[in-house]
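Chemist: Okay, here's the structure, questions in a sec.
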DNA sequence: GTCTATACCAAGATAGAC
DNA sequence: GTCTATCTTGGTATAGAC
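Residue numbers (the numbering used here), protein chains in the order written: chain C, 12 to 201; chain E, 12 to 201.
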């Protein structure tokens, strides 16, 4: 039985290079028009070489979204209120429409329970919902959100707003998505 | 140059038959797995024959979404409040996950301004936003929504909620999407 | 230094849009 | 039928554990 040795240092570095390049290409170029061929060329690999690292295009995109989540977390590491952080991510996203499109298209496709990224999104939404509900409870304690509100419901609503507003913002929007999120949070005051 | 005669009666009927079949196949089968090949087979046409009616796969799906909008409108023709109608459509959609997936994936993809359905969504969102804002104003008049609220913002938020909650509902959701919409509308009371 | 899993590539199979 | 996209197969070269 072949024991796994894990990736070599070279492979680890290449993986990171691929993710960085993919984030950049997709941010500029959009999701639909980004082929494995193009991504492979951007990092000096053949298509087979690229797929060696990720197995499939879908798995690669899943890894790109994980990398984006990490980058978002680092960028907003200062703030400790998750609701503010969510809004600041939404604000930042208006500068990277290609990534927004990747996220929305991919999450919609992954609704199919047989999609390889289905579980990724199930867990991501669960985690985000739990953490946001906790943030809502904290705000209820300090009186900036009505104590009568249901934290889980509010968390679900905030995520839906974030997703839905960013989709709409690709088609003109009277008001900025982040500003609308702020506005809704304001409506939750006691 | 040949003058256009427009579609013959036979063509019109076939177009409708294709749309009906497509709605059914997609509702059952989902969006990703529905190829032009499969749709052509379902209505007894060759692929070329199918594409003759719609020009491209994207145009066909756009037509499917138009047909769905019409069907939704007919089904909820009784109610005259658009907010209630929106919520009832969301409720109905939980029975046709394939169509929800078509809609969310397609709208996300069409965020690209070069996508052939981009304008369709721009107009659809504009129209829906205007009509919903009008419905909000009506509710402000009869006192069920706070007069201080901005009708356009509320309309945008309700659409985002509808889209976002339906995406999340593909990945488990504590509460039903329609119920959460109702809940949010309740929060808008004076 | 040996050995084998990892890092890649060339060519082609497959499938979908048109 | 043609073109383009993903992914597989079957291979060589090299990193790095022992």
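Idealized CB from N, CA, C, for every residue including glycine. The structure presented is a predicted model; accordingly, all values stated were derived computationally and were not measured.
Report the three-state DSSP secondary structure of residue 193 of chain C (helix, strand or coil).
Modeler: helix
Chemist: Just checking: is the beta-carbon of residue 44 of chain C within a distance shorter than 9 Å of some beta-carbon in chain E?
Modeler: Against chain E, the CB of residue 44 of chain C has a partner CB under 9 Å away; the residue lies at that interface.
Chemist: Would you call the region 172-180 of chain C and the region 149-156 of chain E touching, i.e. three or more CB-CB distances under 8 Å?
Modeler: no
Chemist: One question on the structure: do residue 166 of chain C and residue 140 of chain C come within less than 9 Å of each other, judged by their Cβ atoms?
Modeler: In this structure, residue 140 of chain C lies closer than 9 Å to residue 166 of chain C by Cβ.
Chemist: May I have the straight-line CA-CA distance separating residue 82 of chain E from residue 196 of chain E, to the nearest angstrom?
Modeler: 25 Å
Chemist: Can residue 128 of chain C and residue 49 of chain C be called in contact, C-beta distance under 9 Å?
Modeler: In this structure, residue 49 of chain C does not lie closer than 9 Å to residue 128 of chain C by Cβ.
Chemist: Residues in its own chain within less than 8 Å of residue 58 of chain E by CB, not counting five upstream and five downstream?
Modeler: 47, 48 and 51
Chemist: Quick one: does residue 68 of chain C have its CB under 9 Å from some CB of chain E?
Modeler: no
Chemist: Considering only residues of the same chain and omitting the five flanking positions on each side of residue 162 of chain E, which have a CB-CB separation below 6 Å?
Modeler: 144, 147 and 148
Chemist: How many Å lie between residue 134 of chain E and residue 179 of chain C at the Cα?
Modeler: 12 Å
Chemist: Could you run through the region 46-79 of chain E and flag, in chain order, every residue whose CB is less than 7 Å away from some CB of chain C?
Modeler: none
Chemist: Going along chain C, which residues have a C-beta under 7 Å from residue 155 of chain E?
Modeler: Residues of chain C passing the Cβ test: none, with the nearest at roughly 15 Å.
Chemist: Going by other Cβ atoms of all chains shown within 10 Å of its Cβ, with 16 needed for buried, is residue 123 of chain C buried or exposed?
Modeler: buried
Chemist: To which residues of the same chain is residue 193 of chain E closer than 7 Å at the C-beta, ignoring the five residues directly before and after it?
Modeler: 98
Chemist: With a Cβ-Cβ cutoff of 9 Å, do residue 54 of chain E and residue 45 of chain E count as a contact?
Modeler: no
Chemist: List the residues of chain C whose Cβ lies closer than 8 Å to the Cβ of residue 30 of chain E, in chain order.
Modeler: Here the premise fails: no neighbours, minimum Cβ distance about 21 Å.
Chemist: Between which two residues does the alpha helix (DSSP H) carrying residue 103 of chain C extend?
Modeler: 93-104
Chemist: Quick check on residue 37 of chain C - is its C-beta less than 9 Å from some C-beta in chain E?
Modeler: No, its Cβ sits nowhere closer than 9 Å to a Cβ of chain E.
Chemist: Determine the contact status of residue 182 of chain C and residue 72 of chain E, defining contact as a CB-CB distance below 9 Å.
Modeler: no
Chemist: Skipping 5 residues on each side, what residues in its chain have a beta carbon closer than 8 Å to that of residue 101 of chain E?
Modeler: 173, 176, 177, 188, 189 and 192
Chemist: Within 9 Å of any Cβ in chain E, is that where the Cβ of residue 189 of chain C sits?
Modeler: no
Chemist: On the three-state DSSP scale, how would you describe residue 12 of chain C?
Modeler: Low per-residue confidence applies at residue 12 of chain C: pLDDT is 49, beneath 50, and the placement is therefore not dependable, though the value from the model is reported in the following sentence. In this structure, residue 12 of chain C counts as coil in the three-state DSSP scheme.
Chemist: DSSP on residue 63 of chain C, reduced to helix/strand/coil?
Modeler: helix
Chemist: Do residue 94 of chain C and residue 56 of chain C have their C-beta atoms closer together than 9 Å?
Modeler: No.
Chemist: My output table needs one value for residue 136 of chain E: the three-state DSSP class, helix, strand or coil.
Modeler: Of the three classes helix, strand and coil, the one that applies to residue 136 of chain E here is helix, per DSSP.
Chemist: Under 9 Å, CB to CB, which of the residues in the region 114-126 of chain E have a partner in chain C?
Modeler: 114, 115, 116, 117, 118, 119, 120, 121, 122, 123, 124, 125 and 126
Chemist: Beta carbons nearer than 7 Å to chain E: which residues of the region 96-107 of chain C have them?
Modeler: Under the 7 Å Cβ criterion, the region 96-107 of chain C contributes no residue.
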